[in-house]
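From first to last, the protein sequence lines are chains A and B.
Positions 1 to 240 (this note's numbering) are the ones given, in order, by the first sequence.
Positions 1001 to 1240 (this note's numbering) are the ones given, in order, by the second sequence.
Each remark here refers to the structure printed beneath this line.
Number of protein chains: 2
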Amino acid sequence: MGKKNLEVCFSPALFRRFENPESIVVIIDVFRASSAICTAFENGAEAIIPVAEVEEAREHKTKGVLVAAERDGNVLDFADFGNSPFNFTREKVEGRTIAYSTTNGTQLINIASSAHTVVIGAFLNISALCGWLTEQERDVVLFCAGWKDKFNLEDTICAGAIGERLMESGKFLTICDSLHASIDLWSMAKGDPPAYIEKAAQRSRLRAKGLDDCIEFCLQPDFTKIIPVKENKILKAMGK
Amino acid sequence: MGKKNLEVCFSPALFRRFENPESIVVIIDVFRASSAICTAFENGAEAIIPVAEVEEAREHKTKGVLVAAERDGNVLDFADFGNSPFNFTREKVEGRTIAYSTTNGTQLINIASSAHTVVIGAFLNISALCGWLTEQERDVVLFCAGWKDKFNLEDTICAGAIGERLMESGKFLTICDSLHASIDLWSMAKGDPPAYIEKAAQRSRLRAKGLDDCIEFCLQPDFTKIIPVKENKILKAMGK
């Protein structure tokens, strides 16, 4: 087989330029949706339903589904807990289906639905993800969530960390400047990712809301070997 | 006066998130529109009319305006010359008005029109531009042209070079991850910009079309002290 194409998309507002029905799209939202979803599956969650609207989350609650939902950093009154990965303990999530309220994340999953396969990527599952991607013989788009359509540093360095490994596998080629930039930024960040990410806007936002306790955890490689994959409109642990 | 906000926009498709009627927008299209426009003014051009469509360029030609126009690297049959900065010699352009055919550049200028002031930035006028920007007491958006809505490296390192100087002036603050990334990429590129830009997609495109003779020139600082500025729908040399 010939080499496959590898690209990085920095924002949902740019994704239409990356649409490819034969590709695998990796959704990267390091702070915090991708990391929370990986944590939930590692701790035994059965399925995750991404929901965009508060009312939709409330409806799931009435059906006995666990609900993780915040607005502006406050846990919603009807929710079981908030969006931090630290909330998804084995005690709470094992064997359960969880509605995860994430406006941006749900939007990304919808936008990416034209792809062949949609998976969730994070530092937390990077080795398992990269190993799997190199075996698929498919084009790959690393799709950074960003923030309000804007580029962000944390998703970009994660795309760079994944991109570096994929290029080193020899299975991919690229003519994508966003990939080169991601790999170069990762090369500056990799010595000490938490220090590098100090200047990121989302780092400041989470600190201001007292939600930054999970930063170092989210930047840690290989907490899990699970790759969350989209099946219809929900996320499952691949192969389970 | 308080510090002013400095941001970088990586693509026309993202600009609506940066709209600010009080800001100065710096349009950066290093390969080749920004560089060609700076060169034309340094060599005495009176005005430049950015045109999006071939037919519009043809119409200008019938009115006696000089026309610079290419499609896919071929000079159009009715045009006086192509889009390379090297075509804008003093002999050809002094005292003349030039219609410059650039689909992307014209689109950017239109998109940015909601701003207080729109200027053209390049390595070729970087010191004059940065000196002027630090004196304006206005928010600044460095607006990278990109390519077909995608991020590109050459415009980003130019934004980084400008951004680094503006931040060092002490007149600006930022919470923009795109600015941090641009400055970091510039820090990797600045030792040898032509070598860094070897991996850029547009570098390859220009080489494939034999249009890459101007690359080193476009990456050279301070060929001119002129800042091209938009007045109504045309570009003039600021202060002239």
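C-beta atoms are modelled at their ideal positions from N, C-alpha and C, and glycine is treated no differently.
Checklist entry - For isoleucine 1048(B), which option in Leu1066(B), Glu1056(B), Arg1032(B) and Glu1091(B) has the closest C-alpha, if you only look at C-alpha atoms? => result Isoleucine 1048(B) has its Cα closest to that of Leu1066(B), out of Leu1066(B), Glu1056(B), Arg1032(B) and Glu1091(B).
Item to check | C-beta neighbour in chain B for leucine 185(A), strict 8 Å | outcome: So yes, leucine 185(A) belongs to the interface.
Next on the checklist: With a threshold of 8 Å, are at least 3 pairs of Cβ atoms found where one atom belongs to the segment 1198–1214 of chain B and the other to the segment 1067–1082 of chain B?
Outcome noted: Here the segment 1198–1214 of chain B lies against the segment 1067–1082 of chain B, with 3 or more beta-carbon pairs under 8 Å apart.
Next on the checklist: With a threshold of 8 Å between beta carbons, is isoleucine 111(A) in contact with chain B?
Outcome noted: Answer no: the Cβ-Cβ gap between isoleucine 111(A) and chain B never drops below 8 Å.
Next on the checklist: Against chain B, with Cβ distances strictly below 8 Å, would histidine 116(A) count as a contact?
Outcome noted: False, the Cβ-Cβ gap to chain B never drops below 8 Å.
Checklist entry - From glycine 170(A) to cysteine 158(A), what does the alpha carbon distance come to, in whole angstroms? => result If I take the Cα positions, the gap works out to 19 Å.
Checklist entry - On the premise that valine 1118(B) lies in contact with isoleucine 1109(B), defined as a C-beta separation below 8 Å, what is that separation, rounded to the nearest angstrom? => result Sure, about 6 Å apart at Cβ, within 8 Å.
Next on the checklist: Between aspartate 212(A) and chain E, is any beta-carbon pair separated by less than 8 Å?
Outcome noted: The chain labelled as chain E is not found among the protein chains of the depicted structure, namely A and B.
Next on the checklist: At a CB distance below 9 Å, what residues from the segment 1009–1021 of chain B approach chain A? Give them in sequence order.
Outcome noted: Residues Cys1009, Phe1010, Ser1011, Ala1013, Leu1014, Arg1016, Arg1017 and Phe1018.
Checklist entry - From Ile1215(B), Asp1184(B) and Ile1183(B), pick the residue whose C-alpha is nearest to that of glutamate 1198(B); which is it? => result Ranking Ile1215(B), Asp1184(B) and Ile1183(B) by CA distance to the CA of glutamate 1198(B) puts Ile1215(B) first.
Next on the checklist: In the DSSP assignment, the alpha helix (DSSP H) including glycine 121(A) goes from what residue to what residue?
Outcome noted: According to the DSSP assignment, glycine 121(A) belongs to no alpha helix (DSSP H) but to the beta strand (DSSP E) extending over 117–121.
Next on the checklist: So if DSSP puts tryptophan 1147(B) in a beta bridge, which residue, or which two residues, is it bridged to?
Outcome noted: Beta-bridge partners of tryptophan 1147(B) (DSSP): Lys1150(B).
Next on the checklist: Please identify, using Cβ separations under 7 Å, the residues of the segment 138–153 of chain A that lie next to chain B, in order along the chain.
Outcome noted: If the cut-off is 7 Å between Cβ atoms, the segment 138–153 of chain A has Lys148, Asp149, Lys150, Phe151, Asn152 and Leu153 near chain B.
Checklist entry - Going by DSSP, which residues form a beta bridge with threonine 1097(B)? => result In DSSP, threonine 1097(B) forms a bridge with Ala1047(B).
Checklist entry - Is the segment 1012–1023 of chain B touching the segment 187–194 of chain A, taking contact as three or more C-beta pairs under 8 Å? => result They do not touch, by the three-pair rule.
Checklist entry - Does the beta-carbon of arginine 1090(B) have 16 or more other beta-carbons within 10 angstroms, so that it is buried, or is it exposed? => result Burial check for arginine 1090(B): the Cβ neighbour count within 10 Å stays below 16, so the residue is exposed.
Next on the checklist: For a minimum of 4 consecutive residues, which ranges assigned as the alpha helix (DSSP H) are wholly contained in the segment 49–90 of chain A?
Outcome noted: Taken in chain order, the complete alpha helix (DSSP H) segments of 4 or more residues contained in the segment 49–90 of chain A are 54–62.
Item to check | alanine 1237(B) versus aspartate 1139(B) - alpha carbon distance | outcome: Spanning the two alpha carbons is a distance of roughly 21 Å.
Item to check | leucine 1235(B), buried or exposed, once every other Cβ within 10 Å from all chains shown has been counted against 16 | outcome: With 16 or more Cβ atoms within 10 Å of its Cβ, leucine 1235(B) is classed as buried.
Next on the checklist: Counting only Cβ pairs nearer than 8 Å, list the residues of chain A close to isoleucine 1175(B).
Outcome noted: Scanning chain A for C-beta atoms nearer than 8 Å to the C-beta of isoleucine 1175(B) yields Ala201 and Ser204, reported in chain order.
Next on the checklist: Quick check: the Cα distance between valine 51(A) and alanine 33(A), rounded to an integer number of angstroms?
Outcome noted: Straight-line Cα distance between these residues: approximately 12 Å.
Next on the checklist: Please list the terminal residues of the continuous beta strand (DSSP E) segment that includes proline 1228(B).
Outcome noted: Boundaries of the beta strand (DSSP E) harbouring proline 1228(B): 1228–1231, taken from the DSSP string.
Item to check | Member of Phe217(A), Asp80(A), Lys3(A) and Gly64(A) whose CA lies at the smallest distance from the CA of lysine 92(A) | outcome: Closest in alpha carbon position to lysine 92(A), among Phe217(A), Asp80(A), Lys3(A) and Gly64(A), is Asp80(A).
Checklist entry - Exposed or buried, which one is threonine 62(A) when buried takes at least 16 other CB atoms within 10 Å? => result With fewer than 16 other beta carbons inside 10 angstroms of its own, threonine 62(A) counts as exposed.
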